Amino acid sequence: MPELPEVEVTRLGLDAALCGAHITALRLGKPLRWPLQADPQTLHGLRIDALQRRGKYLLMRTAQGTLIVHLGMSGSLRWTPAQQPLPPASAHDHVELQTDRGVLRLRDPRRFGAVIWHPGTEVHSHPLLRALGPEPLSERFDGAALCQALRGRSAAIKPLLLSQHIVAGVGNIYACEALFRARIDPRTPASRLRPADCQRLATAVRETLQQAVALGGSSLRDFAHTNGHLGDFQLQAQVYGRAGQPCHVCGTPVRSIVQAQRSTYFCPNCQKILKSRSPGGKR
DNA sequence: CGTTACCCCTGGAGGC
DNA sequence: TGCCTCCAGGGGTAAC
Numbered sequence: 260m261p262e263l264p265e266v267e268v269t270r271l272g273l274d275a276a277l278c279g280a281h282i283t284a285l286r287l288g289k290p291l292r293w294p295l296q297a298d299p300q301t302l303h304g305l306r307i308d309a310l311q312r313r314g315k316y317l318l319m320r321t322a323q324g325t326l327i328v329h330l331g332m333s334g335s336l337r338w339t340p341a342q343q344p345l346p347p348a349s350a351h352d353h354v355e356l357q358t359d360r361g362v363l364r365l366r367d368p369r370r371f372g373a374v375i376w377h378p379g380t381e382v383h384s385h386p387l388l389r390a391l392g393p394e395p396l397s398e399r400f401d402g403a404a405l406c407q408a409l410r411g412r413s414a415a416i417k418p419l420l421l422s423q424h425i426v427a428g429v430g431n432i433y434a435c436e437a438l439f440r441a442r443i444d445p446r447t448p449a450s451r452l453r454p455a456d457c458q459r460l461a462t463a464v465r466e467t468l469q470q471a472v473a474l475g476g477s478s479l480r481d482f483a484h485t486n487g488h489l490g491d492f493q494l495q496a497q498v499y500g501r502a503g504q505p506c507h508v509c510g511t512p513v514r515s516i517v518q519a520q521r522s523t524y525f526c527p528n529c530q531k532i533l534k535s536r537s538p539g540g541k542r
């Protein structure tokens with residue numbers, strides 16, 4: 260579920276409540292993908308100075324270290340202010356961060372998520388963050404940077420977008436949507452993208468993610484905002500999850516294929532495998 | 001080194 | 001209703 264937009268929407272929803280809050284306890288339930296890698300007591304009394312995001316990771320910064328949170332496939336965070344009654348924990352609430360302002364719970368049925376403590380201030384040197392590509396909404400990500408990163412890569416462009424090494428934060432939904440927006444066939448070998456294609460794709464990635472954040476993210480299954488409301492991006496999906504349905508641009512049935520064990524959706528008419536000249540389909 | 005297959009885990013959807 | 005199979009927004013690791 261959670262790709263960059265969902266994590267960013269979560270961050271925005273928690274920022275005011277968590278920044279400045281003091282951690283009073285951290286309780287762990289069933290094991291997640293990785294252990295905390297610290298004694299929960301370590302966090303006691305620390306003040307959360309900032310809530311940041313890197314790719315799909317949420318970073319709770321304190322003077323002593325950073326709590327790195329990843330939502331995996333099915334994770335979501337729920338916040339209950341201290342003034343409100345704390346709802347009973349569900350069977351899938353596996354982490355509870357208690358603060359002087361309220362309680363934050365991580366609900367993650369599949370437990371692919373993680374909460375990791377990284378001591379010190381150099382959180383970006385953490386193995387999970389170090390190899391991430393540039394932030395897609397930053398200046399550092401543009402057509403030229405994308406072109407450079409794809410040089411000599413023979414793999415199909417779509418799985419490469421998912422790798423997090425070329426650009427951070429793009430998951431299966433938004434990879435499909437961005438490639439549709441850029442009118443690029445997801446099977447195209449990455450090195451075959453010309454500068455103009457890279458420019459279009461970089462812009463498409465940025466615009467797709469920005470639009471999704473503005474709409475509050477996607478809610479295909481169980482994603483919920485910290486207030487329990489759902490996002491609206493899925494109402495705008497052009498190809499994701501629409502196999503067999505007509506393309507909104509040209510009417511051709513949307514195709515689904517499997518690439519690197521993940522479903523890919525695309526319009527075989529609008530999205531062309533490289534060509535020397537103008538691809539078809541306008542939006 | 002780059003690319004791909006396999007796994008971790010649980011729940012929902014659809015077929016029978 | 002119950003059981004079975006397939007599928008799912010991620011990503012490290014092992015194997016080619």
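According to our numbering, the residues represented by the first sequence are 260 to 542, in order. Here a beta-carbon is modelled for each residue, glycine too, at the ideal position from N, C-alpha and C. All figures in this text were calculated on a predicted structure; none of them were measured in a lab.
Taking all protein chains shown into account, G324 has 16 or more neighbouring C-beta atoms within 10 Å of its C-beta and is therefore buried. Here R389 has H383 as same chain residues with Cβ atoms under 8 Å from its own Cβ, once five neighbours each way along the sequence are excluded. When secondary structure is reduced to three states using DSSP, Q423 falls in the coil class, being assigned neither helix nor strand. Here DSSP, grouped into helix, strand and coil, assigns A280 to coil.
Shortest Cα-Cα distance from Q311 to any of L271, S422 and A502 involves L271.
Judged by their CB atoms, L302 and L285 are nearer to each other than the 7 Å cut-off. Of the other Cβ atoms in all chains shown, fewer than 16 fall within 10 Å of the Cβ of L345; this residue is therefore exposed. Around the CB of H329, 16 or more other CB atoms lie within 10 Å, so the residue is classed as buried.
DSSP, reduced to helix, strand and coil, places H377 within a strand of the structure shown.
For Y316, there is no enclosing alpha helix (DSSP H); the enclosing beta strand (DSSP E) has its first and last residue at Y316 to R320.
When Cβ pairs closer than 8 Å are counted between the two stretches, the segment 445-455 is seen to touch the segment 405-413, the count reaching three or more. Note on geometry: alpha-carbon atoms of K315 and V266 lie some 6 Å from one another. By the Cβ neighbour-count rule, R399 is exposed, with fewer than 16 other Cβ atoms within 10 Å of its own. Per DSSP, the continuous beta strand (DSSP E) segment holding L356 begins and ends at D352 to T358.
The beta carbon of I282 lies closer than 8 Å to those of L302, H303, G304, L305, R306, I307, T321, L356, Q357 and T358 in the same chain, with the five residues before and after it left out. Between the alpha carbons of V517 and S333 lies a gap of roughly 21 Å.
Counting along the chain, F371 sits inside no alpha helix (DSSP H), nor does DSSP assign it H or E at all. For the pair L273 and L263, the Cα-to-Cα distance works out to about 15 Å. In terms of CA proximity to A461, K417 leads the group A473, R292, K417 and R364.
The Cβ atoms of G372 and T339 lie no closer than 7 Å to each other. Every unbroken stretch of the alpha helix (DSSP H) spanning 4 or more residues and falling wholly within the segment 397-477 is given here in chain order: 402-409, 416-421, 431-440 and 454-473. Judged by DSSP secondary structure, L326 falls within the beta strand (DSSP E) whose first and last residues are G324 to H329. Annotation: the continuous alpha helix (DSSP H) that includes L388 extends over P386 to R389.
Relative to the Cα of P294, the nearest Cα in the group L336, V508, H377 and A276 belongs to H377.
At the C-beta level, A441 and R459 come within 7 Å of one another.
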